[in-house]
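*Asks:* Numbering (the working numbering), first residue to last: 2 to 546. Even for Gly, the Cβ is constructed at its ideal location relative to N, Cα and C.
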Ligand code: FBP
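#1: Excluding the five sequence neighbours on either side, which residues of its own chain have a C-beta within less than 7 Å of the C-beta of residue 426, listed in chain order?
#2: Would you mind reading off the limits of the alpha helix (DSSP H) that contains residue 428?
#3: Taking 7 Å as the limit between beta carbons, can you name the residues of its chain near residue 489, skipping five residues before and five after?
#4: Where do the ends of the beta strand (DSSP E) carrying residue 476 lie?
#5: Since I believe residue 92 is in contact with residue 130 (beta carbons under 8 Å), could you give me their beta-carbon distance rounded to a whole number of angstroms?
#6: Can you check whether the CB of residue 431 is closer than 9 Å to the CB of residue 21?
#7: Our contact map puts residue 1 next to residue 114 with C-beta atoms below 8 Å; I'd like the distance itself, whole angstroms only.
#8: Report yes if the CB atom of residue 507 is closer than 9 Å to the CB atom of residue 233, and no otherwise.
#9: Could you tell me the alpha carbon to alpha carbon distance between residue 324 and residue 497, rounded to whole angstroms?
#10: Quick one: give me the first and last residue of the beta strand (DSSP E) that residue 418 is part of.
#11: Is any non-hydrogen atom of ligand 1 found closer than 8 Å to the C-beta of residue 203, if you look at the structure I gave you?
#12: In this structure, does DSSP put residue 311 in helix, strand or coil?
#13: For residue 429, I'd like the list of residues in its chain whose CB is within less than 6 Å of its CB, leaving aside the five on either flank, ordered along the chain.
#14: Are the beta-carbon atoms of residue 466 and residue 475 separated by less than 9 Å?
#15: What alpha helix (DSSP H) runs, 4 residues minimum, are completely inside the region 43-93?
#16: Does ligand 1 have a heavy atom nearer than 8 Å to the CB of residue 312?
#17: Does ligand 1 have even one heavy atom less than 8 Å from the beta-carbon of residue 252?
#18: Is the number of C-beta pairs between the region 526-538 and the region 301-319 that are closer than 8 Å three or more?
#19: Between the region 278-285 and the region 220-233, are three or more C-beta pairs nearer than 8 Å?
#20: Is residue 138 near ligand 3, with its Cβ less than 8 Å from a heavy atom?
#21: Report all residues from its chain with a CB closer than 7 Å to the CB of residue 455; omit the five preceding and five following residues, and keep chain order.
#22: For residue 412, count neighbouring Cβ atoms within 10 angstroms of its own Cβ and tell me buried if that reaches 16, exposed if not.
#23: Give me the residue from 419, 494, 519 and 479 with the minimum Cα distance to residue 84.
#24: Identify whether residue 36 lies in helix, strand or coil by the three-state DSSP scheme.
#25: Hey, is the region 158-174 in contact with the region 192-202, meaning 3+ C-beta pairs nearer than 8 Å?
#26: Between residue 516 and the rest of its own chain, which residues show a CB-CB distance below 6 Å, the 5 nearest in sequence each way excluded?
#27: Heavy atom of ligand 1 less than 8 Å from the Cβ of residue 366, yes or no?
#28: I need the DSSP call for residue 106, collapsed to helix, strand or coil.
#29: Is the region 256-263 touching the region 294-307 in the sense that three or more CB pairs, one from each, lie closer than 8 Å?
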């Protein structure tokens, strides 16, 4: 039965994503190698782990070169958290695969990486793809957070790809999932498999970027959803003039989402985890900073405000970060009945001083990559509790005589499945098309990337980026392993400096911007605006969003 769709969804499925000129010839695109690559850091150790796929050159579309099109059979898997545009990666891939010749086929693995090792897949046909063009969500084939790591799982993936005679497997995921893709590419190379493994950079967190990979898809749409909501809250705060709103924003171990939303809305106080780590600021110091902003605004006649908190803040506070790292190692080991008893003295004292709810949340199961689930930790509540305590102390000392009434929010899931903006719709469609070109050329262990994203989409440059070139060694589950490096907010880069130069003013005055809802129709400069982060990183200054 045909499902009912909203008028917007119906209108939006008719949108035709704009392709970079370089990709107009679909899979017949020939690719030319650049210089060999290394790794972000720890090159020798990364080479040892990836002897067959390390050091490959980047690939760019060459003038007139063709790769010799043949009918392709490809599999695609969506991995990790949802991000707007996933369906368009599949649509771009589908169109390129379908154009490669009669008998071409696209398999969609169901429920994330587990679908690959259990061989759970469906053939994606034109009718299915049509229904999902330009829609948000990953519900076409769903996602999952399983990791492909054991020898059995790797062998099962090999078996699946051989059985389906895949020319390529496209892994759409974040840093951890693309690390998985690199492992799979190396394993397939070791076994002389014909399946090329290609990654696509996905995550609303915005922390999968390096060199030619300028942004992960989904960041644009998700931050616009959050900014619209935060803008509305800023206006409510100013209208009612009685609440401080504390808003935790998704982004896991990076504060890009929070920084972007601050730049789009000019909320009064924004905490950036990376700066806090650099400063070595303690929870007590952070509490003082926020309480001081409350006190100063009250003195200026404003007993309201908006404070943005990155969900990963807790890991950036040095003493909390140490505590979480210790807990991660303890929980990764077997038979920890009461993990708190195994903490070192300093961490144990800190742990015991935390509110019971936070203690429980810190002990929740880790994800399959060994990460703490920061989305489950109510950091904004921890902070409002501490700030309220501090203001009470100041009241008793005669330093503050105002009121501090709070509202707490957590924005994350609200933005991950929104219909992609024009930017994300175009970007993801192009990434899917280019992934097919990499497969047609037999290039395994590559990430599909489009560069020059601040420019018009017709001018974007496709680049094949070796996955190993994005790697470094990190400790995971107590072991040293090569992983794709997370790009954190850089306090010496333009997006942060722009924010830092204005934050004193934003804290005291009401300079709020109200970005409003995402526009899918209307003037180009509204529909096609780039995030402030992308603009500032690309050297475009000035203007609000
Ligand atoms: P990815 O890194 O997999 O894209 O996930 C992003 C994210 O939305 C984080 O911002 C958040 O902490 C996490 O997923 C939540 O995970 P879950 O969906 O499993 O609750």
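*Replies:* Quick look at the numbers:
#1: 16, 18, 86, 89 and 135
#2: 423-441
#3: 208, 255 and 275
#4: 472-477
#5: 5 Å
#6: yes
#7: In the structure as shown, the chain begins at 2 and stops at 546. Residue 1 is therefore absent and cannot be evaluated.
#8: no
#9: 27 Å
#10: Counting along the chain, residue 418 falls outside any beta strand (DSSP E), and DSSP gives it neither H nor E.
#11: yes
#12: strand
#13: 86, 89, 90 and 218
#14: no
#15: 44-50
#16: yes
#17: yes
#18: no
#19: no
#20: Ligands displayed in this structure: ligand 1; ligand 3 is not among them.
#21: 531, 535, 536, 539 and 541
#22: buried
#23: 419
#24: strand
#25: yes
#26: 228, 229, 232, 265 and 546
#27: no
#28: strand
#29: no
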